[in-house]
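Structure, as structure tokens:
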Amino acid sequence: MPRFDSVESVLEWLGLDPGAVQAQAAFYLAYARELEVARAQRQQLSSDQANASPWAQFITADQPWLGDAVLASSYRMAAQYLALIDARQAGLVSIRAALAYLRAGLPFGAMLAVGLVGDDSLIGTMAPSGLEAAIQSLASRARDHNPVQQTYLLLVLVARRRLRREHSDSVGALLRDLRPHGLHPIGSHSQPLADYLQMAEVMARHDGRQLALRAERGGSEAIGLMSGFVAAAGHRQAESLRAARRNSYLWRHGASPVDVVNLEDVAITGLLAGSDVMPPESGYNLLFDRIDGNDPLVSLAVWAAEQMSQALREDAARSTVADLLAGAPYFEGNADE
Amino acid sequence: MYLQTCIKGIHGITDDQAEDILKRQGLMCNWWRRVRRISSAEIAERLTDAELELHVNAYDEHHPHRQGPVHQETPFLSLAAGTVERNTFLKTNLVHPAQRTALNFATDFGRLRGTCYLFHCWVVVGLTRAVPVRHLAEEVRDLNTYRRYSAFQLEGEVTAKIDVPSCQIQLFERYHVTAEKTGGIRIAHAGNVLNPAYIEPTAVANIRRAF
Numbered sequence: 000m001p002r003f004d005s006v007e008s009v010l011e012w013l014g015l016d017p018g019a020v021q022a023q024a025a026f027y028l029a030y031a032r033e034l035e036v037a038r039a040q041r042q043q044l045s046s047d048q049a050n051a052s053p054w055a056q057f058i059t060a061d062q063p064w065l066g067d068a069v070l071a072s073s074y075r076m077a078a079q080y081l082a083l084i085d086a087r088q089a090g091l092v093s094i095r096a097a098l099a100y101l102r103a104g105l106p107f108g109a110m111l112a113v114g115l116v117g118d119d120s121l122i123g124t125m126a127p128s129g130l131e132a133a134i135q136s137l138a139s140r141a142r143d144h145n146p147v148q149q150t151y152l153l154l155v156l157v158a159r160r161r162l163r164r165e166h167s168d169s170v171g172a173l174l175r176d177l178r179p180h181g182l183h184p185i186g187s188h189s190q191p192l193a194d195y196l197q198m199a200e201v202m203a204r205h206d207g208r209q210l211a212l213r214a215e216r217g218g219s220e221a222i223g224l225m226s227g228f229v230a231a232a233g234h235r236q237a238e239s240l241r242a243a244r245r246n247s248y249l250w251r252h253g254a255s256p257v258d259v260v261n262l263e264d265v266a267i268t269g270l271l272a273g274s275d276v277m278p279p280e281s282g283y284n285l286l287f288d289r290i291d292g293n294d295p296l297v298s299l300a301v302w303a304a305e306q307m308s309q310a311l312r313e314d315a316a317r318s319t320v321a322d323l324l325a326g327a328p329y330f331e332g333n334a335d336e
Numbered sequence: 000m001y002l003q004t005c006i007k008g009i010h011g012i013t014d015d016q017a018e019d020i021l022k023r024q025g026l027m028c029n030w031w032r033r034v035r036r037i038s039s040a041e042i043a044e045r046l047t048d049a050e051l052e053l054h055v056n057a058y059d060e061h062h063p064h065r066q067g068p069v070h071q072e073t074p075f076l077s078l079a080a081g082t083v084e085r086n087t088f089l090k091t092n093l094v095h096p097a098q099r100t101a102l103n104f105a106t107d108f109g110r111l112r113g114t115c116y117l118f119h120c121w122v123v124v125g126l127t128r129a130v131p132v133r134h135l136a137e138e139v140r141d142l143n144t145y146r147r148y149s150a151f152q153l154e155g156e157v158t159a160k161i162d163v164p165s166c167q168i169q170l171f172e173r174y175h176v177t178a179e180k181t182g183g184i185r186i187a188h189a190g191n192v193l194n195p196a197y198i199e200p201t202a203v204a205n206i207r208r209a210f
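In order, the protein sequence lines correspond to chains F and G. With the first letter of the first sequence counted as 1, position 17 gets the number 16 in numbering that gives the first Met the number 0; the numbers rise by one all the way through. With the first letter of the second sequence counted as 1, position 30 gets the number 29 in numbering that gives the first Met the number 0; the numbers rise by one all the way through.
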């Protein structure tokens, strides 16, 4: 499978102007920031003043999840555009999205964070109030979540050895509970939940080190399953992108109602690439190698996941991620805030 | 039929023009604004499935049998009508508030530096497709353009026809977009203007109160 070798080649292949991509990222970040500011100021304003703010409509007592849902979605949209032009910022904004998802009670946030930054050592060193505590909380009420969110939680718990061992009871319960929901549609392309469950079962059942050894000797069935899943998702996403490009008005403004980079695919790819099923440090290469065809768009999520996770492993970014997960405020690119 | 509240984002107009839309003219389709006079016969000729399909999927392409591009010839107006439901969010991990969608258009997709406006209005939407019926807005259900999570949610776009009368526009919000030193932008709310002649949608709903 041919790979993208630069940001320029990705944008050229997509037919997107870097200025339009940058403008869309700036828009969604600015929108998220206004929401963050409105929420921070809520306590200091009278109810009349607070109600006059157009952002305040999302911070309501009767729908406490809504503010974080809009924030998470806005950061996610910004990250999807940033993934095409700035992997480090895309990674950091994805972490912001992940935190907002977690505050809204969605295991999808854990999948995003662990998929991008969560090798076992990093999860273990996070502040107690951060990612590990959030995962602990989600796992303790695993059966309360919607089946789609349960599936994301299951993938997180089985894809990292440390979490798999700590939460073996939750893993077993989720595997049993989700089986009857096998035809439940999940993801932006409405895949059967059973496809996700199959991967989770493989990761939960096998000892990672043995699988890795087998992979070094020429591959394994489990790796074939993972790479097949990623390839199928990539083909579906590429088809959506090609269709979306035909609406040139929305496409050239970067405003097409399609995920230009599908962050869900990115997070799952990150989870799989860093799982015990893959030989250490070779996960992304194996996934690239096993995607068939000549269209690099199919491997866009793998490319983005590799770029973002690499950028977040650099020392400075790693420290920022740790601060974010420990609750530090963060507004993209604005040191004054 | 049901009543749908919507938001239309616009830039490239002055405060005076925004007030004129709010209190007098209403929101007009680009075709009417361009040619200034249209007839009932011409309206009937343009309110077709094919024209709606062009409006949704080929907005900036040349119209196949008219003089200008589709966006100058269209009898339709796109309005944002986002859906925000907990159950949908749990399945899609995305919410699309109409305010954000309309602001994205109003800020020229993040490129604008200046003032833009969000007009809050309501329209009557038919439960089934009825493109020739001028006074019913259409839900956009085009799966080729709107493929993201299409199994779970509507696309959040409603298409009005010819115009949205002033009496159905409640207010406009004004926003200033400025550049930040860091390369980002700031979107600041700069007040609302209300329409004194606004008619609440409940006034035309099928509710008869006991006397």
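Note that CB positions come from ideal geometry on N, CA and C, so glycine has one too.
1) Please classify Ile222 of chain F: is it buried, with 16 or more other beta-carbons within 10 angstroms of its beta-carbon, or exposed?
2) Does the region 295-309 of chain F come into contact with the region 227-241 of chain F, if we say contact requires no fewer than three beta-carbon pairs (one atom in each stretch) closer than 8 Å?
3) If you follow the beta strand (DSSP E) that Ile186 of chain G is in, where does it begin and where does it stop?
4) List, in order along the chain, the chain G residues whose C-beta lies closer than 7 Å to that of Tyr248 of chain F?
5) When the Cα atoms are used, what is the spatial distance from Gly217 of chain F to Arg245 of chain F?
6) To be precise: take each residue of the region 125-149 of chain F, compare its Cβ to all Cβ atoms of chain G, and keep it if any distance is under 7 Å. Which residues remain?
7) What number of angstroms, rounded off, separates the C-alpha of Gly104 of chain F from the C-alpha of Gln306 of chain F?
8) Just by C-beta distance, which residues in the region 56-78 of chain F are closer than 9 Å to chain G?
9) Quick one: is Ser38 of chain G buried, meaning 16 or more other Cβ sit within 10 Å of its Cβ, or exposed?
10) Quick one: complete alpha helix (DSSP H) runs, 4+ long, within the region 55-112 of chain F?
11) Would you mind stating whether Met225 of chain F and Ala158 of chain F have Cβ atoms separated by less than 8 Å?
12) Hey, out of G:Glu44, G:His70, G:Gly81, G:Ala43, whose CA is closest to Gly155 of chain G's CA?
13) Closest to Thr268 of chain F by CA distance: which of F:Gln62, F:Ala230, F:Leu83 is it?
14) For Gln152 of chain G, which residues of its own chain have a beta-carbon under 6 Å away from its beta-carbon, when the five flanking residues on both sides are left out?
15) How would you call Ser255 of chain F, buried or exposed, if buried means at least 16 neighbouring beta carbons within 10 angstroms?
16) Quick check: is the beta carbon of Glu263 of chain F nearer than 8 Å to any beta carbon in chain C?
17) Return the chain-ordered ranges of every alpha helix (DSSP H) run that is complete within the region 145-184 of chain F and spans a minimum of 4 residues.
18) Arg133 of chain G: beta carbon under 7 Å from a heavy atom of the ligand GDP?
19) Say whether chain G places a C-beta atom closer than 8 Å to the C-beta of Gln306 of chain F.
20) Under 8 Å, Cβ to Cβ, is there at least one residue of chain F near His134 of chain G?
21) Determine, for Pro53 of chain F, whether the minimum Cβ-Cβ distance to residues of chain G falls below 8 Å.
22) In three-state DSSP terms, what is Glu179 of chain G?
23) Look at the alpha carbon of Ile6 of chain G and the alpha carbon of His188 of chain G, and state the distance between them as a whole number of angstroms.
24) For Thr114 of chain G, which of helix, strand or coil comes out of DSSP?
25) Ends of the alpha helix (DSSP H) at Glu41 of chain G?
26) My guess is that Phe108 of chain G and Phe26 of chain F are in contact by the Cβ rule of under 8 Å, so how many angstroms apart are they, rounded?
27) Buried or exposed: Asp291 of chain F, going by 16 or more other Cβ atoms within 10 Å of its Cβ?
28) Which residue marks the beginning of the alpha helix (DSSP H) containing Gly8 of chain G, and which one marks its end?
29) Find out if the Cβ-Cβ distance for the pair Val122 of chain G, Gln3 of chain G is shorter than 8 Å.
30) CB-CB under 6 Å to Ala97 of chain G, same chain, minus the five flanking residues each way: which ones, in chain order?
31) Once the 5 residues before and after Ala43 of chain G are set aside, which same chain residues still bring their CB inside 8 Å of it?
32) Just checking my contact of Leu26 of chain G with Leu76 of chain G at CB under 8 Å: how many whole Å lie between their CB atoms?
33) Taking the alpha-carbon positions, what's the Gly18 of chain F to Leu193 of chain G distance?
34) Taking only beta-carbon atoms, is Ala316 of chain F less than 8 Å away from chain G?
35) Suppose you measure from the CA of Ile186 of chain G to the CA of Arg160 of chain F; what does that come to, to the nearest Å?
36) Mind pulling the chain F residues with CB within less than 9 Å of Glu172 of chain G?
Judging by the given coordinates:
1) buried
2) yes
3) 184-193
4) Tyr58, Asp59
5) Unreliable placement is indicated for Gly217 of chain F, whose pLDDT of 48 sits below 50; no coordinate value is reported for it.
6) Asn145, Val147, Gln148
7) 28 Å
8) Gln56, Phe57, Gln62, Trp64, Leu65, Ala68, Val69, Ala71, Ser72, Ser73, Arg75, Met76
9) exposed
10) 65-81, 86-102
11) no
12) G:Gly81
13) F:Ala230
14) In this prediction, Gln152 of chain G has a pLDDT of 49, which is less than 50 and means its spatial position is unreliable; what the coordinates show is noted afterwards. The residues are Thr82, Thr87.
15) buried
16) Judged by its chain identifiers, the structure shown contains no chain C, and its protein chains are F and G.
17) 146-158, 160-165, 167-177
18) In terms of ligand content, the structure shown is empty, and the ligand GDP therefore cannot be addressed.
19) no
20) no
21) yes
22) coil
23) 15 Å
24) strand
25) 39-45
26) 7 Å
27) exposed
28) No alpha helix (DSSP H) holds Gly8 of chain G; the beta strand (DSSP E) holding it covers 1-10.
29) yes
30) Ile6, Ala79, Ala80, Gly81
31) Pro131
32) 6 Å
33) 35 Å
34) no
35) 44 Å
36) Pro53
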